[in-house]
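Undergrad: The structure that follows is given in the form of structure tokens.
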Amino acid sequence: MTTTMRAGEIAAQVGGQLAGDADLEIGGIAGLREAQPGDITFLANPKYAAWLATTRASAVLVAADFDGEAACALIRVKDPDAAFGQVATHFTPPPPAYPPGIHPSAIVAEDAEIGEEVHVGPCCVVQAGARIGPRTVLVGQVYVGHRCTLGADNFIHPHVTIREHGVLGDRVIIHSSAVIGSDGFGYSVDDKGVRTKIPQRGHVAIGDDAEVGAAVTIDRARFGCTRIGRGVKIDNLCQIAHNVVIGDHAVLVSQVGISGSSVIGRHVVLAGQAGVAGHLVVGDGVIAEGRSGITKDVPAGQVVYGFPAAPREQAARVHAHVQRLPRLKEKVRTLEQRIAELEARLQDSGSSAPG
Amino acid sequence: MTTTMRAGEIAAQVGGQLAGDADLEIGGIAGLREAQPGDITFLANPKYAAWLATTRASAVLVAADFDGEAACALIRVKDPDAAFGQVATHFTPPPPAYPPGIHPSAIVAEDAEIGEEVHVGPCCVVQAGARIGPRTVLVGQVYVGHRCTLGADNFIHPHVTIREHGVLGDRVIIHSSAVIGSDGFGYSVDDKGVRTKIPQRGHVAIGDDAEVGAAVTIDRARFGCTRIGRGVKIDNLCQIAHNVVIGDHAVLVSQVGISGSSVIGRHVVLAGQAGVAGHLVVGDGVIAEGRSGITKDVPAGQVVYGFPAAPREQAARVHAHVQRLPRLKEKVRTLEQRIAELEARLQDSGSSAPG
Amino acid sequence: MTTTMRAGEIAAQVGGQLAGDADLEIGGIAGLREAQPGDITFLANPKYAAWLATTRASAVLVAADFDGEAACALIRVKDPDAAFGQVATHFTPPPPAYPPGIHPSAIVAEDAEIGEEVHVGPCCVVQAGARIGPRTVLVGQVYVGHRCTLGADNFIHPHVTIREHGVLGDRVIIHSSAVIGSDGFGYSVDDKGVRTKIPQRGHVAIGDDAEVGAAVTIDRARFGCTRIGRGVKIDNLCQIAHNVVIGDHAVLVSQVGISGSSVIGRHVVLAGQAGVAGHLVVGDGVIAEGRSGITKDVPAGQVVYGFPAAPREQAARVHAHVQRLPRLKEKVRTLEQRIAELEARLQDSGSSAPG
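Residue numbers (numbering that gives the first Met the number 0), protein chains in the order written: chain W, 0 to 354; chain X, 0 to 354; chain D, 0 to 354.
Set out below in structure tokens:
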């Protein structure tokens, strides 16, 4: 984190072409709209090009083929987004360090196995039989239940709960308030409609390089395993029910819900607020657009939309027809009048027809 | 938890009929798709019958009247699901025990009343005037606010917050990250659109045998009581606003939201991602299908669907018509042509009519 | 909190007109439906007027122009809701006090700056470089990350996580299990569909007088700032993605989700379970009704509804047409018959026409 850089230095660093004063001092980064004099910003999404006219930034990273005008310095680069990322590391504070060691306020069971260079932060609880792999960080106030197994280089944020027997691979990130291994929602019902809990004796397993968002809930399996594949990315406030299986590299955007025992294929993308009913198979590579509600199996590769979710083109066609319903209604009314007129004329011609 | 059992032993234990080798060694349990040689699995849902052909399991529990074939041993039983549950307890680790006692790291107010055989786990906080009934378990990092009253045999998971004055019956289970008694969302608005908080002075009361899922939020009443009935089961990530009343034995599946002051009847089932607007009455025994959005009172016993939610048959009929809209549009176009033709012929016949 | 009041005293206190026995003893408050003899309740929403006939309350606060009958005492007042609020403070326990001081079990970094009269409750964690303004309350088990800055008179409930570099204004309230500053959901994707995390180096800033509900998640910006304006009220279980900007005095009702980089104007109201796609601008004063899904920019002042959200009148018209689809279908069928009849008659008249 440096305090200032010159525009020329920045252009050199990102391999860009500067149009403007090389000695211009840049002291910070910001978005196009929020930038103040002295800031550098970037324009990656052409949607925002109009904002260039009004930005107060002193310099803007733009695409190599950008041919617009601006009142500030421009640095043309191949990938403005990536270049901005590179520049930004100079102007943002680095993330905190969590040095190895067990904080004296942490409660770690005697028989827990803590790997090398692990950070167990303040007020963490690590229960009996848990094993934590090398270099893993429990930031603080984390709960690791009995006989959990965490791999190497995990990063577990405050107020995460990992219930008993949970298994995490390597390089897994879990965000705050997430719950791994809560009981599945399973009951038997008697003839009076009173429910009795079915024991949920399985666990949750999460693959290498997966990331689980804040306040995500992943239920343990009734038996066996609720399984999250390698490289799966789950955004905040998603719900994953018991015995769900999520294939490698799938993506769940925020507020998605997946009901019990459904199987989500590899590289599936479920966009925000989508839902999947229980006991379904969603094939590899399926994309469900935002708010889709999947109620039956989806073949691999399909793009679906709407509720109940249907192939995108079909759903879009139906949706367009719905929007034009007022016009259709109008047309039917016109046809009705034309028919009435025809009927009247035929009536006339009929009645006037010579006997 | 034993290591292995013989197929004959298992059949005897569940009162089933074995077709296969009685000496076959079974060492684990799994789902049909996930089972490995040596595992026993079960087929309860006929939907999965086709998977029997490819399962690698060594034995499968099937229904008494199952007449399909399989390459592995079959055990015919009355209720394969229940039988599997029985067998599975031999092969899954038992849940952890939480022996009575107050962990030295727990912070318990001097005047809190802690019942017999209560477990107060590490880093729990129990505030002044709280009372905790016998045999209740606070696993760890639980917050119990001032003057809360918890009954007997409750089970409160890590990172649960029970705010001041909360009242829980007996045998209540609350899952991690749930919040009981957060402030209701109530403001007065001035003529500039600036909101002032209305004090939320009531509390939450939860009946015997209720279960509250992970990251569920239940707001305290403005005055009086947000009331969750006996035997109510609430799945993860549901939201229950201030002054809501939920009748005994109702079921809320994941991600359901209920707005302020609505009254949900006894034995109501609200399926996943459903919503209920404020100040409504949802009658006893109502079933709202997944994603339903209830915007007006629903009479007892009705099954509703869609948004705005309507009686299921009506909603299904409308939905079917929507799906057939492209065809209706086509038909209207055809009619238009036939009318134009009729008009043309009448025109001809009119003009050609002898004067 | 007193034990009883007389009806006459209450009427005097709220400046109302009593119809009934001034010596009547009132010992509690409750809703119309839940009230027991001895309770006072209120009728503000005319929708509930019918319940007056069956309430068991001893007295009811009603509007000055109320002309119905009741079996109990009535107190006519200008604003029954406000009057009830006034009365209720006599009958509800006051909220707990959180006196200044740092609980010995709290872990506060040496270089953290704790203002005057701050309450740091049991098992809180305050990391290095954090600053907490005067009179702020951290109830207990709160996490305040490195170099966070909290203003004066904040109130932070149990199990809140405020990640590093978070900035809170004055009088901010954050409810339990909320997460401020979790990583934004940003990845680069390679040609095999494998995602690599893009560092999320920005932070979250929350304005004065904002309130954040239970289990709300607000992601830190990729760079710069996810910004929540002054006086913004966010209900439980909402999701706010990275780089979102929410204007002053906006309101987000429960379970709303806002995708990355969208800008929500001042005084916007997003009702329950609404969603906003990414990179959109929602103008000042927009109202999105419950469950709306906003997929494109919305001009200031518009009221929108449905998914994809459309101006309310247009959406309502389309919706009404959809509900009448079965009738439209029926009408088209009738027209078809009339056309067939016309065709038949023309055919007849044609064939019978003299050559």
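Backbone N, C-alpha and C define an ideal beta-carbon position, used for all residues, glycine too.
Check whether the Cβ of G354 of chain X lies closer than 8 Å to any Cβ atom in chain D.
TA: Below a pLDDT of 50, predicted positions are generally treated as unreliable, and G354 of chain X, at 38, falls in that range; no measurement from the model is reported.
Undergrad: For Q16 of chain D, does the three-state DSSP call read helix, strand or coil?
TA: strand
Undergrad: Roughly how many angstroms lie between the CA atoms of L279 of chain D and A240 of chain D, to the nearest whole one?
TA: 12 Å
Undergrad: Can you look up P93 of chain X in the DSSP assignment and give me helix, strand or coil?
TA: Per DSSP, reduced to three states, the secondary structure at P93 of chain X is coil, with no helix or strand assignment.
Undergrad: Run through the DSSP bridge pairs and tell me what L149 of chain D is partnered with.
TA: L149 of chain D is bridged to D:I131 and D:L167.
Undergrad: Quick check on G139 of chain W: does DSSP put it in helix, strand or coil?
TA: In the displayed model, G139 of chain W falls within coil according to three-state DSSP, outside both helix and strand.
Undergrad: With C-beta atoms as the reference, is S291 of chain X less than 8 Å away from V303 of chain X?
TA: Using a Cβ distance threshold of 8 Å, S291 of chain X and V303 of chain X count as a contacting pair.
Undergrad: By how many angstroms is the C-alpha of A56 of chain W removed from the C-alpha of I25 of chain W?
TA: 9 Å
Undergrad: Nearest to H89 of chain W by CA position, among W:R146, W:C123, W:A213 and W:T3, is which residue?
TA: W:T3
Undergrad: To which residues of the same chain is E112 of chain X closer than 6 Å at the C-beta, ignoring the five residues directly before and after it?
TA: R130
Undergrad: In angstroms with no decimal places, state the Cα-to-Cα distance between H202 of chain W and P157 of chain X.
TA: Using only the alpha carbons, I get a separation of about 17 Å.
Undergrad: Measure the C-alpha to C-alpha separation of D190 of chain D and C237 of chain D and round it to an integer number of angstroms.
TA: Straight through space, the alpha carbons of C237 of chain D and D190 of chain D are spaced by roughly 33 Å.
Undergrad: What separation, rounded to the nearest whole angstrom, lies between the Cα atoms of S175 of chain W and L51 of chain D?
TA: 47 Å
Undergrad: For A333 of chain X, does the count of other Cβ atoms within 10 angstroms reach 16, so buried, or fall short, so exposed?
TA: It is worth fixing the name first, because residue 333 of chain X is Thr in this sequence and not Ala. It is exposed - the Cβ of T333 of chain X has fewer than 16 other Cβ atoms within 10 Å.
Undergrad: Under 8 Å between C-beta atoms, does S104 of chain D make it to chain X?
TA: For S104 of chain D, the nearest CB of chain X lies under 8 Å from its own CB, placing it at the interface with that chain.
Undergrad: How many angstroms separate the CA atom of A127 of chain W from the CA atom of A34 of chain D?
TA: 49 Å
Undergrad: So which residues of chain X does Q238 of chain W contact, with C-beta pairs closer than 7 Å?
TA: N235, L236, S253 and Q254
Undergrad: Taking only three categories from DSSP, how would you classify T40 of chain W?
TA: Of the three classes helix, strand and coil, the one that applies to T40 of chain W here is strand, per DSSP.
Undergrad: Under 8 Å, CB to CB, which of the residues in the segment 22-37 of chain D have a partner in chain X?
TA: Shown in chain order are the members of the segment 22-37 of chain D whose Cβ falls below 8 Å from a Cβ of chain X: I28, A29, G30, R32 and E33.
Undergrad: Which residue comes first and which comes last in the alpha helix (DSSP H) that contains A58 of chain X?
TA: Careful: A58 of chain X lies outside any alpha helix (DSSP H), inside the beta strand (DSSP E) at A58 to A62.
Undergrad: What in chain X is Cβ-close to P94 of chain D, meaning under 7 Å?
TA: Those are E163, listed as they occur along chain X.
Undergrad: Using a Cβ-Cβ cut-off of 8 Å, state whether S181 of chain W counts as contacting chain D.
TA: no
Undergrad: P92 of chain D: which of X:A299, X:D296, X:G289 and X:Q199 sits nearest, CA to CA?
TA: It is X:Q199.
Undergrad: Which residues does DSSP pair with T441 of chain X in a beta bridge?
TA: With chain X running from 0 to 354 in the structure shown, residue 441 of chain X is simply not present.
Undergrad: Flag K46 of chain D as yes if its beta-carbon sits less than 8 Å from any beta-carbon of chain X, otherwise no.
TA: Judged by the 8 Å Cβ criterion, K46 of chain D is in contact with chain X.
Undergrad: Buried or exposed: which applies to T148 of chain W, given that a residue is buried once 16 or more other Cβ atoms fall within 10 Å of its Cβ?
TA: buried
Undergrad: What is the DSSP secondary structure of A10 of chain X, counted as helix, strand or coil?
TA: Of the three classes helix, strand and coil, the one that applies to A10 of chain X here is helix, per DSSP.
Undergrad: Spatial neighbours of H102 of chain D within its chain, please: CB distance less than 8 Å, with the 5 preceding and 5 following residues excluded, ordered by chain position.
TA: V119, G120, P121, C122, C123 and G139
Undergrad: Would you call the CB atoms of I39 of chain W and I9 of chain W closer than 8 Å?
TA: yes
Undergrad: Is the closest heavy atom of the ligand SAM to the C-beta of P95 of chain X under 7 Å?
TA: This structure lacks the ligand SAM, and indeed carries no ligand of any kind.
Undergrad: Which value, in whole angstroms, describes the spacing of the CA atoms of A276 of chain X and G289 of chain X?
TA: 15 Å
Undergrad: Taking only beta-carbon atoms, is Q336 of chain D less than 8 Å away from chain X?
TA: no
Undergrad: Note the first and the last residue of the continuous alpha helix (DSSP H) segment covering A315 of chain W.
TA: A315 of chain W: member of the alpha helix (DSSP H) spanning R311 to Q322, first to last residue.
Undergrad: Out of curiosity, what's the CA-to-CA distance linking V178 of chain X and S181 of chain W?
TA: 15 Å
Undergrad: Since I believe A209 of chain W is in contact with R229 of chain W (beta carbons under 8 Å), could you give me their beta-carbon distance rounded to a whole number of angstroms?
TA: Contact between R229 of chain W and A209 of chain W holds: their C-beta atoms lie close to 7 Å from each other, under 8 Å.
Undergrad: Could you check the C-alpha separation between A270 of chain D and K232 of chain D for me, to the nearest Å?
TA: 12 Å
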